[in-house]
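Visitor:
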Amino acid sequence: MFKLEQFVDYVFNEIPSVYLIVGSTFVFLFMGTLAFFVRAKAAERPINAKRIILPPLFMSTGAFMFLFEEFRVPLAQVIEASLVGLVFSSILIKTTNFEERDGNLYVKKSKVFLMILLTLFIIRLIAKFVLSSSIDVGELAGMFWILAFAMILPWRIGMLVKYTKTSTMN
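Following the numbering used here, the numbering of the sequence shown begins with 22 at its first residue and continues without gaps.
1. Measure the C-alpha to C-alpha separation of L146 and I156 and round it to an integer number of angstroms.
2. What number of angstroms, rounded off, separates the C-alpha of P77 from the C-alpha of W166?
3. Inspect the beta-carbon positions of S110 and S38 and report whether they are closer than 8 Å.
4. Under the DSSP definition of a beta bridge, which residues are partnered with L126?
5. Give me the residue from M164, L75, A97 with the minimum Cα distance to N87.
6. Is it buried or exposed, L75, if we count other Cβ atoms within 10 angstroms and call 16 or more buried?
7. Is the CB-CB distance between G159 and F33 below 8 Å?
8. Give the list of continuous beta strand (DSSP E) stretches no shorter than 3 residues that lie fully inside the stretch 125-180.
Spelled out as structure tokens, the structure:
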């Protein structure tokens with residue numbers, strides 16, 4: 022019978038960490054590219070409260086990773102990752118705006134978003150390779166999830182506030 026905990030133990034104890042780092046980097050490249058195209062496509066559709074709220078809700082399921090010892094992060098690193106996420110979040114909140122077209126609200130396209138995405142991408146790659154020599158791969162994955170969640174949750178709350186203000190003005 023397949024047990025998830027045995028699988029996680031196998032992955033983190035039997036597969037060399039360099040393979041995990043390289044493999045997860047390719048997955049990250051794919052997901053980052055996919056996120057960019059999804060975001061670009063989403064800007065073509067009207068925005069609503071549901072489309073703003075759902076992404077952090079879906080992402081929150083990733084917290085289940087912390088049920089496994091391999092992904093648990095010390096408190097100091099939780100705070101560190103959260104603070105970095107909040108910094109990036111504030112930039113996203115500031116640069117995410119809405120525009121009215123055809124009686125609907127749309128997320129205004131922004132070149133700054135692309136720059137932020139690329140900057141995050143580069144920082145994450147550098148941090149991953151630098152930190153992977155001193156921090157366990159699973160712990161590092163937990164830190165990056167915390168950073169991403171600490172970025173997306175306040176950003177989406179800020180978007181919702183801006184959306185509510187903009188939609189009541191129209």
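Don't be surprised by glycine CBs; every beta carbon is placed ideally from N, CA and C.
Guide: Looking at the atomic coordinates:
1. Using only the alpha carbons, I get a separation of about 14 Å.
2. Straight-line Cα distance between these residues: approximately 12 Å.
3. The answer is no: Cβ separation not under 8 Å.
4. Looking at the DSSP assignment, L126 forms a beta bridge with E121.
5. This sequence places Phe at residue 87; Asn is not what is there. Nearest option by C-alpha distance: M164.
6. The residue in question, L75, is exposed, as its Cβ has fewer than 16 Cβ neighbours within 10 Å.
7. When the beta-carbon positions are compared, G159 and F33 come within less than 8 Å of each other.
8. If we require 3 residues or more, the beta strand (DSSP E) runs fully inside the stretch 125-180 come out as 125-128.
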